[in-house]
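Novice: Take this structure first; my questions come after.
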Amino acid sequence: MEPGVHFMDGNTACAEGAIAAGCTFFAGYPITPASEILERIANRFPEIHGSYLQMEDELASITAILGASWAGRKAMTATSGPGFSLMMENYGLGLMTETPCVIANVMRGGPSTGLPTKVAQGDVMQTRWGTHGDVGVIVLVPSSPQEMFDLTIEAFNMSEKYRLPVIVLSDEMVSHMTEKVEIPPKEELNIIDRKKPKDPPSEFLPFCPDEDLVPPMANAGEGYSVHVTGLTHDEEGHPSVDEKTQNRLVTRLIDKIRKNADDILKYDEYKTDDADMIIVAYGSVYRAATEAVDMARDQGYKVGLLRPITIWPFPEERIYDLARNGTKTFLVAEINFGQIVFEVERCTAGSAKTYLAPKMGGSIHTPEEIMERIVAINQEKIPDFKE
Amino acid sequence: MMKQEIRFSGFGGQGIILMGHILGKAGVLDGKDVTLTKSYGPEARGGACSTDIIISNSRINYPQVRNPDVLISMSQSALDTYLPTLDDDGILIIDTGLVETERESIGLPATKIAEEEIGLRMVANIVMLGYFAAKTGYVGKDAMKDAIESLVPSGTEEKNINAFEIGYRWGKK
């Protein structure tokens, strides 16, 4: 894609971000509202000698990208709720086998097949806990086509750096809106590739981490003997189903994200300096919340906004600090009946009250709806979240 | 101009979505911030369909159009559906050959002009865009023409530019 200013929808920008990051393998199954990602990739990959596979379903799609990643490709799939649910098992396989890849999940109204053409934010906790077992995850939440481009590149970078499937958690509104997207020249992009082994094949331990807790990765065909399994495995990669190996491996998989959180974590703040109340909003709702903050300020309410860009890891320390230093109230606006609100409430550790501005799938909150909630909370007309 | 919200409406097949993309791209070429949203699903096929555009000199936050400043209607069913959303002070632009309304409006017989002067009914949307550009001045004429050239099917550029110019002249009358 030539550098410069384009007018592009979110899904197209996501596909272009993937290509800019070096993605050359894509396997997927079309689903509204993610299909334009697949269409764009299918159109563009012949130009860059990429491999696009339309699979029989989403189970096959994610499994194919895990395999492609082990063959040395940067690989991706894209889906929405129903397909994302099908991917949960092998999302776990990717996390367990430390396989770099990217999954774009464009949220639509659920549960089940729900509202295919309309926006929702019901999959947030699924990205964190949807697969079985204890996992550390990275999930990025864009709020514009420009961020679909930027954060898809970031997702590939994080997946390569920390060796795990990284999720780009979009929503129907962000994916289907068309806006200005600036594509920088190739040489200005920061592209990260996976670490390669320094040891010769005879001495290489494929799951022995460096100091950053991430093991270097040998691709298939590079002369290294690599065994990859979803079973609990030792540093040689062989199944070792004992308590000690489990403790060592899973602790590292979680610490790999937790101890590197400063490098991974991203969030924005708006007018939080003197705020009594802070709205927490992400994805498309963040844009309505920004306007609500301005409306509230005009009416004399000291309201600010905290917007997680990585929803996982979550900006938990920042919320804890804000709650301890003057913020009396948090208001979480999300298109569901409460997911991130639990996380915010936990992070305040009882130092602030937490409220929810819920919304059912179908449309994003209007700034006025959020404003009404701000006024109602100030007049103590609605119970706090726990009640 | 600070921020303008525009809703293009008509029936499926009239190129309503393309009108939005042309105006949006022209706005971006003119250095403005633009957000385009459109309806998806069965409601966007046939019947009344619409494309919404916000054009602003500053960053656009809330992305949806609720009460547009300008409503363009290319069919009666689209007018009947979307007229209630038009801002009280808003401008209504209609294809006067296809749409009747008692509300104050401006317009031109875009489809008739496309048929009679270009010999191609399907460029009625571009005739209308020319008229819209002349009447509102939200986006520069050159940017509009650049956007048309880059977005219409190759080989049809000349006919589309011609359609735009005709509509633009009607708007300047």
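These protein sequences, in sequence, are chains A and B.
By the count of the numbering used here, the first sequence reaches residue 1831 at its end, each step adding exactly one.
By the count of the numbering used here, the second sequence reaches residue 174 at its end, each step adding exactly one.
Glycine included, each C-beta is placed from N, C-alpha and C at the ideal position.
None of these values were measured; they are calculated from a predicted model.
(1) Go ahead and label P1641(A) buried or exposed: buried means 16 or more other beta carbons lie within 10 angstroms of its beta carbon, across all protein chains shown.
(2) Give me, in chain order, the residues of the same chain whose beta-carbon lies closer than 8 Å to that of E1831(A); leave out the 5 immediate sequence neighbours on both sides.
(3) Tell me, please, whether the CB atom of W1573(A) is closer than 8 Å to any CB atom in chain B?
(4) Are M1721(A) and K1772(A) touching if we call contact CB-CB under 8 Å?
(5) I'd like to check one pair, L1539(A) with L1697(A): are the Cβ atoms closer than 8 Å?
(6) For I1611(A), list the residues DSSP reports as bridge partners.
(7) Out of L99(B), A79(B) and I127(B), which one is the CA nearest neighbour of A115(B)?
(8) With H, G and I counted as helix, E and B as strand and the rest as coil, what does DSSP make of I127(B)?
(9) How is the beta strand (DSSP E) around Y1764(A) delimited, first residue to last?
(10) Could you give the first and the last residue of the continuous alpha helix (DSSP H) run that contains I1492(A)?
(11) Report the neighbours of V29(B) on chain A: residues whose CB is nearer than 7 Å to its CB, in chain order.
(12) Report the start-end ranges of each beta strand (DSSP E) in the region 48 to 125 of chain B that is 3 residues or longer and not cut off at the edges.
(13) Please state the DSSP three-state secondary structure of K1518(A).
(14) Quick check: the region 1740 to 1754 of chain A against the region 1528 to 1536 of chain A, are there 3 or more CB pairs under 8 Å?
(15) Taking DSSP as the reference, what is the three-state secondary structure of R1638(A)?
(16) Tell me the rounded alpha-carbon separation between G13(B) and M123(B).
(17) Return the first residue and the last residue of the beta strand (DSSP E) that E1500(A) is part of.
(18) Report yes if the C-beta distance between I1701(A) and E1460(A) is below 8 Å; otherwise report no.
(19) With distances taken between CB atoms, is the gap from Y1606(A) to N1704(A) smaller than 8 Å?
(20) Could you check the C-alpha separation between R1751(A) and G1558(A) for me, to the nearest Å?
(21) Check the Cβ of T1734(A) against every Cβ in chain B and list those closer than 7 Å, keeping chain order.
(22) Within 10 angstroms of the Cβ of G120(B), are there 16 or more other Cβ atoms? Answer buried if so, exposed if not.
(23) Any beta carbon of chain A sitting closer than 8 Å to that of T82(B)?
(24) Let me see if you follow: with CB-CB separation under 8 Å, is L24(B) close to chain A or not?
(25) Drop a sphere of 10 angstroms on the beta-carbon of S74(B), count the other beta-carbons inside from all chains shown, and report buried for 16 or more, exposed for fewer.
(26) What residues are listed by DSSP as bridge partners for T1754(A)?
(27) For a test of the three-state rule: what should DSSP assign to P1589(A), helix, strand or coil?
(28) Taking just the CA atoms, how far does Y1764(A) sit from M20(B)?
(29) Which residue or residues does DSSP assign as beta-bridge partners of F1451(A)?
(30) Taking the C-alpha atoms as reference points, what is the distance between L1482(A) and E105(B)?
(31) Determine whether the Cβ of T86(B) lies closer than 8 Å to any Cβ atom of chain A.
(32) Taking only beta carbons into account, state which residues of the region 1721 to 1733 of chain A come closer than 9 Å to chain B, listed in chain order.
(33) L1559(A) by DSSP, collapsed to three states: which one?
(34) Within 10 Å of its beta-carbon, does S1603(A) have 16 or more other beta-carbons around it, so buried, or fewer, so exposed?
(35) Could you tell me which chain B residues have their CB closer than 7 Å to the CB of M1621(A), listed as they occur along the chain?
Specialist: Considering the structure as presented:
(1) With 16 or more other Cβ atoms within 10 Å, it is buried.
(2) Residue confidence is low: E1831(A) scores 44 on pLDDT, short of 50, so the model does not pin down where it sits. Its coordinate-derived value is still stated next. Scanning its chain for C-beta atoms nearer than 8 Å, with the 5 sequence neighbours on each side dropped, one finds no residue around E1831(A).
(3) W1573(A) does not count as touching chain B.
(4) In contact: M1721(A) and K1772(A) (Cβ atoms closer than 8 Å).
(5) Yes.
(6) In the DSSP output, where bridge partners are listed per residue, I1611(A) has I1547(A) and V1583(A).
(7) Of L99(B), A79(B) and I127(B), the residue nearest in Cα terms is I127(B).
(8) Looking at I127(B) - three-state DSSP - the assignment turns out to be helix.
(9) Segment E1760 to R1768 is the alpha helix (DSSP H) holding Y1764(A); no beta strand (DSSP E) there.
(10) Unbroken alpha helix (DSSP H) run through I1492(A): S1479 to I1492.
(11) Simply V1449, F1451 and K1624.
(12) Entirely contained in the region 48 to 125 of chain B, the beta strand (DSSP E) runs reaching 3 residues are, in chain order, 49 to 57, 71 to 74, 92 to 96 and 107 to 109.
(13) In the structure shown, K1518(A) falls within a strand segment according to DSSP collapsed to helix, strand and coil.
(14) With a cut-off of 8 Å, the region 1528 to 1536 of chain A and the region 1740 to 1754 of chain A do not count as touching, because too few Cβ pairs lie within range.
(15) Residue state, collapsed to three classes: coil.
(16) Their Cα atoms are separated by approximately 12 Å.
(17) In the DSSP annotation of this structure, E1500(A) is not part of any beta strand (DSSP E), being labelled neither H nor E.
(18) Not a contact, by the Cβ cut-off of 8 Å.
(19) Contact annotation: Y1606(A) and N1704(A) have beta-carbon atoms nearer than 8 Å.
(20) Going by the C-alpha atoms only, they are around 27 Å apart.
(21) N62, listed in chain order.
(22) That one is exposed.
(23) Interface criterion not met: the Cβ of T82(B) is under 8 Å from no Cβ in chain A.
(24) Interface criterion not met: the Cβ of L24(B) is under 8 Å from no Cβ in chain A.
(25) Buried.
(26) For T1754(A), which the question treats as bridged, DSSP gives the partners L1584(A).
(27) Three-state DSSP puts P1589(A) in a helix.
(28) Taken atom to atom, the span from the alpha-carbon of M20(B) to that of Y1764(A) is near 48 Å.
(29) DSSP lists K1624(A) as partners of F1451(A).
(30) Roughly 45 Å separates the two Cα atoms.
(31) Chain A, which has no Cβ nearer than 8 Å to the Cβ of T86(B), makes this no.
(32) Listed by position, the residues of the region 1721 to 1733 of chain A near chain B (Cβ gap below 9 Å) are S1728, Y1730, R1731, A1732 and A1733.
(33) Three-state result, L1559(A): strand.
(34) Its Cβ being crowded by 16 or more others within 10 Å, S1603(A) is buried.
(35) Correct list: T36, L37, T38 and P64.
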